[in-house]
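Reading through the structure tokens given below for one structure.
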Amino acid sequence: MSSPPLIAKPEEIDISEKRGNHTVSIIGCGQNGILHAYLLAEAGFKVICVDADQTVVSLLSKGKVPFLKREMEAKLRNHVRTGSLRATNDTKAAVSQSDVIVVTVPVKVDEKRKADYSKIENACKQVGSSLQHGSLVIVASTMGFGATEGMIKETLENTSGLKAGTDFGLAYSPAGVLNTQTGDSLLSQERIVAGTDKSSLNAASTILETAT
Numbered sequence: 041m042s043s044p045p046l047i048a049k050p051e052e053i054d055i056s057e058k059r060g061n062h063t064v065s066i067i068g069c070g071q072n073g074i075l076h077a078y079l080l081a082e083a084g085f086k087v088i089c090v091d092a093d094q095t096v097v098s099l100l101s102k103g104k105v106p107f108l109k110r111e112m113e114a115k116l117r118n119h120v121r122t123g124s125l126r127a128t129n130d131t132k133a134a135v136s137q138s139d140v141i142v143v144t145v146p147v148k149v150d151e152k153r154k155a156d157y158s159k160i161e162n163a164c165k166q167v168g169s170s171l172q173h174g175s176l177v178i179v180a181s182t183m184g185f186g187a188t189e190g191m192i193k194e195t196l197e198n199t200s201g202l203k204a205g206t207d208f209g210l211a212y213s214p215a216g217v218l219n220t221q222t223g224d225s226l227l228s229q230e231r232i233v234a235g236t237d238k239s240s241l242n243a244a245s246t247i248l249e250t251a252t
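Each residue of the sequence shown is one higher than the one before, starting from 41 at the first, in our numbering.
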């Protein structure tokens, strides 16, 4: 079984100028998504923020994020102005233009402590419908044990017609508890990274290390 041609080598993205040749889509622009978008844009990647809420998209398109510190919001606004970060509600278009897709759609837990995966499953269906051969999907949402290898993988494969580990990469790296105003928590976290195969694991680790 051959591995997909992912961005797997550190030398391919070891400096900001090289990272600018690659596009990362962030699916779900809550606090988790925005902090990932900010840090990856700071690292030099082109970033597309995707959210179903048009109000969120409109604010991001103006570089406005209420929960970020002022200096971070100013930097994010500069990325918007230079075109290195943009926002849209068109998941399919964003994914079709991306080398890396980071899924940060939150998973809600009801009063009986049962996880509701409906939103992230729907997001993965949209991602899968435009997933390109050789793309890397990183799930950064906090999920139950086995969900990435189970529901996420199956949804992506069924909607894309591609196979994880062969046609595209799939990795899981939950962000954990985040500080809502800074990226410090993401910067200081020791991220757990798991992949469906070695190539996916190496590629995801390489990408995430640039934002730390």
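For glycine and all other residues, C-beta sits at the position ideal for the given N, C-alpha and C.
Start-to-end residues for the alpha helix (DSSP H) that takes in residue i
| i | result |
| --- | --- |
| Y78 | 71-83 |
| T122 | 110-122 |
Reduced DSSP category for residue i - H, G, I as helix; E, B as strand; rest coil
| i | result |
| --- | --- |
| T236 | coil |
| T195 | helix |
| A127 | strand |
| S200 | helix |
| L210 | strand |
| I55 | coil |
| S65 | strand |
| V149 | strand |
| L99 | helix |
| L171 | coil |
| V105 | coil |
| A251 | coil |
| A133 | helix |
| A163 | helix |
Boundaries of the beta strand (DSSP E) in which residue i is found, first to last residue
| i | result |
| --- | --- |
| V142 | 140-143 |
| K86 | 86-90 |
Buried or exposed by the 16-neighbour rule on C-beta atoms within 10 Å, applied to residue i
| i | result |
| --- | --- |
| E111 | exposed |
| V105 | buried |
| N198 | exposed |
| K193 | buried |
| R153 | exposed |
Residue i vs residue j beta-carbon contact at 8 Å
| i | j | result |
| --- | --- | --- |
| V143 | A155 | no |
| A163 | A211 | no |
| I247 | I178 | yes |
| T206 | V167 | no |
| A180 | S213 | yes |
| K109 | E82 | no |
| R59 | T252 | no |
| T195 | K165 | yes |
* Quick one: any contact between the region 83-99 and the region 116-128, if contact means 3 or more CB pairs under 8 Å? -> For the pair of segments examined, the region 83-99 was found to touch the region 116-128: the number of CB pairs separated by less than 8 Å reaches three.
* Cβ contact check for the region 94-102 and the region 164-179: 3 or more pairs under 8 Å -> no
* Counting Cβ pairs closer than 8 Å, one from the region 134-143 and one from the region 60-68, do we hit at least three? -> yes
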